[in-house]
Amino acid sequence: MDLTRAAAEVLTPLGYEVLEVTVSASGRSKRVLLRIDRFDEAAVTIEDVARAAEVYGLELDRLDPFPGAYRLEVESPGAQRPLFTTRHYQRFNDLLIKFNVAGESYKGRLVAADEATVTVTVNDAERTFGIDEVQHARLAEWPDTPR
Numbered sequence: 000m001d002l003t004r005a006a007a008e009v010l011t012p013l014g015y016e017v018l019e020v021t022v023s024a025s026g027r028s029k030r031v032l033l034r035i036d037r038f039d040e041a042a043v044t045i046e047d048v049a050r051a052a053e054v055y056g057l058e059l060d061r062l063d064p065f066p067g068a069y070r071l072e073v074e075s076p077g078a079q080r081p082l083f084t085t086r087h088y089q090r091f092n093d094l095l096i097k098f099n100v101a102g103e104s105y106k107g108r109l110v111a112a113d114e115a116t117v118t119v120t121v122n123d124a125e126r127t128f129g130i131d132e133v134q135h136a137r138l139a140e141w142p143d144t145p146r
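Quick note: the sequence shown uses numbering that gives the first Met the number 0, first residue 0, plus one each step.
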C-alpha cells in the first residue's frame, strides 16, 4: 500500500503538498511521520498540521494498513526540508543543500534551477546536475525569512 499516494489523494485538494511519509517502529506499534507544505508557499501553521492530521488519520483508519496500533505525527518540513521539484530548488535558491548524485554526497549552495537541471556551488566550483540525477536533496540551512 502506497501511503504517500494515499496522503496526496486526500491532502492535495486541501492545498497541502505531501513531502514525505515514513513508517518506523515505535515500541510495539508503528510511527507514521507525515511532512507537509502548503502549495501557496505560506508558512505551515498549527491549524494546517491539525487539519492534515485529522484528514490523513481518517484515511489511515479507513485503509487500515497496519495489523496493530500506530501513531501519526504530522509536521512542517523545517530545516531538513526535502527538495524534489524544480520549484523547490527555485524557492530555496542561494541556500545550502545536502544531496546525493550517483552515490556521491555533496553539500553546496543553490545557484539556479530550471526544468531539467540544478546548479550548485560545491567547494567553490559551480556544478550542474540533472534534476532526475539528484537523490535525497535536503536543505542544510533555513532561510532567515519564510519562503
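Glycine is no exception: its CB is placed at the ideal position from the N, C-alpha and C atoms.
Because the structure is a prediction, the values reported are computed rather than measured.
Beta carbon of residue i nearer than 8 Å to that of residue j
i     : j      : result
Leu71 : Leu33  : yes
Ile96 : Thr116 : no
Ala51 : Glu140 : no
Leu94 : Pro142 : yes
Thr85 : Asp113 : yes
Spatial neighbours of residue i in its chain, beta-carbon cut-off 8 Å, leaving aside the 5 residues before and after
i     : result
Leu18 : Arg34, Ile35, Asp36, Pro76, Arg80, Pro81 and Phe83
Gly67 : Arg27, Ser28 and Lys29
Val48 : Ile35, Val73, Glu74 and Ser75
Candidates the options: closest to residue i by CA position
i      : options                       : result
Lys106 : Gln134, Arg86 and Thr85       : Gln134
Glu132 : Leu94, Gly102, Ala6 and Pro64 : Gly102
Glu53  : Val9, Tyr88 and Met0          : Val9
Val119 : Gln89, Asp143 and Thr144      : Gln89
Leu59  : Val100, Val22 and Glu40       : Val22
Close-in-space but distant-in-sequence residues of the same chain around residue i (CB under 6 Å, 5 per side omitted)
i      : result
Phe38  : Gly14 and Glu16
Tyr69  : Ser28, Lys29 and Val31
Val20  : Leu2, Thr3, Ala6 and Leu33
Ala111 : Thr118
Gly56  : Leu71
Backbone secondary structure at residue i - three-state DSSP
i      : result
Leu109 : strand
Glu53  : helix
Thr116 : strand
Thr3   : helix
Arg80  : coil
Leu18  : strand
Glu8   : helix
Asp60  : helix
Val100 : strand
Asp47  : helix
Leu13  : helix
C-alpha gap between residue i and residue j, whole angstroms
i      : j      : result
Ala124 : Phe98  : 16 Å
Val43  : Glu74  : 8 Å
Asn122 : Asn92  : 17 Å
Pro64  : Met0   : 7 Å
Ile45  : Ser25  : 24 Å
Arg126 : Ser104 : 13 Å
Glu40  : Val100 : 27 Å
Ala136 : His87  : 10 Å
Leu138 : Phe128 : 17 Å
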